[in-house]
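Asks:
In our numbering, the protein residues as written are 377 to 559.
(1) Determine the burial state of residue 466: buried for a count of at least 16 other Cβ atoms within 10 Å of its Cβ, exposed for fewer.
(2) Would you please state the rounded distance, in angstroms, between the beta carbons of residue 455 and residue 491? I believe it to be under 8 angstroms.
(3) Would you decide whether residue 428 is buried or exposed? Buried here means 16 or more other CB atoms lie within 10 Å of its CB.
(4) Tell me the rounded alpha-carbon separation between residue 377 and residue 515.
(5) From residue 397 to residue 406, what distance separates their C-alpha atoms?
(6) If you compare alpha carbons, which of 388, 513 and 447 is closest to residue 482?
(7) Taking Cβ positions, are residue 533 and residue 558 nearer each other than 8 angstroms?
(8) In this structure, does DSSP put residue 490 in helix, strand or coil?
(9) So which of 475, 413, 451 and 426 has the shortest CA-CA distance to residue 387?
(10) Please state the DSSP three-state secondary structure of residue 403.
(11) For residue 466, does the three-state DSSP call read helix, strand or coil?
(12) Could you pull out every residue in the same chain whose Cβ sits closer than 6 angstroms to the Cβ of residue 551, ignoring the five residues on either side in sequence?
(13) At which residues does the beta strand (DSSP E) containing residue 561 begin and terminate?
(14) Compute the Euclidean distance between the alpha carbons of residue 531 and residue 449, then round it to the nearest angstrom.
(15) Buried or exposed: residue 469, going by 16 or more other Cβ atoms within 10 Å of its Cβ?
(16) Roughly how many angstroms separate the alpha carbons of residue 417 and residue 540, rounded to a whole number?
(17) Spatial neighbours of residue 400 within its chain, please: CB distance less than 8 angstroms, with the 5 preceding and 5 following residues excluded, ordered by chain position.
(18) Could you name the residues that DSSP lists as bridge partners for residue 427?
(19) Beta-carbon separation of residue 439 and residue 404 under 8 angstroms?
So, in structure tokens, the structure goes:
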């Protein structure tokens, strides 16, 4: 399956997919293609979109795609981040970018400040610290000013594990927390 992003307006969505993103064209071509497609979406529609679904196919593309989305869709409050590879490695940049203020043009700020719902679908958790990274994301966003707290968090792991201590902390820190492991 090719990399894709989908932007939701209630039960309707805009899906951006391109088979040429994989292989020789690389991450920069993918990001340029996404930015170009988004530029053609009417600004009124951009203000209505509140949900993003993104499939991470390479290490840097997922995080950088979030920067592009942040600039055009100010009301995103729910994202689904799916690891499109075989390891949770590809979602780490997205988790890191959402955990700290970032350079946004000429200013520094938080990506997606209205983010309240987060769904992470990890094909396989081979990183022992992925759970701790998610704990830090929730904690830092809760402590930041002018941010919406993450109140709903769902983590689905295809195989492997997440540190049980991190799962316990998340179950106590997030109002609605669900952890599903297929192994």
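Backbone N, C-alpha and C fix where the C-beta goes; we use that ideal spot for every residue, glycine too.
Replies: For this structure:
(1) buried
(2) 7 angstroms
(3) buried
(4) Residue confidence is low: residue 377 scores 43 on pLDDT, short of 50, so the model does not pin down where it sits. Its coordinate-derived value is still stated next. Straight-line Cα distance between these residues: approximately 34 angstroms.
(5) Low confidence applies here, because residue 397 scores a pLDDT of 49, under 50, leaving its location unreliable and the question unanswered by this model.
(6) 447
(7) With a cutoff of 8 angstroms on beta-carbon distance, residue 533 and residue 558 are scored as near each other.
(8) coil
(9) 426
(10) Three-state DSSP puts residue 403 in a helix.
(11) helix
(12) 527
(13) The requested residue 561 is not part of the displayed model; the chain covers only 377 to 559.
(14) 24 angstroms
(15) If you draw a 10 Å sphere on the C-beta of residue 469, you find 16 or more other C-beta atoms in it, and that means buried.
(16) 42 angstroms
(17) With a pLDDT of 48 at residue 400, under the threshold of 50, the modelled position of this residue cannot be trusted; read the value that follows with caution. Nothing meets the Cβ criterion.
(18) BP columns for residue 427 point to 384 and 454.
(19) Taking the C-beta atoms as reference points, residue 404 is found no nearer than 8 angstroms to residue 439.
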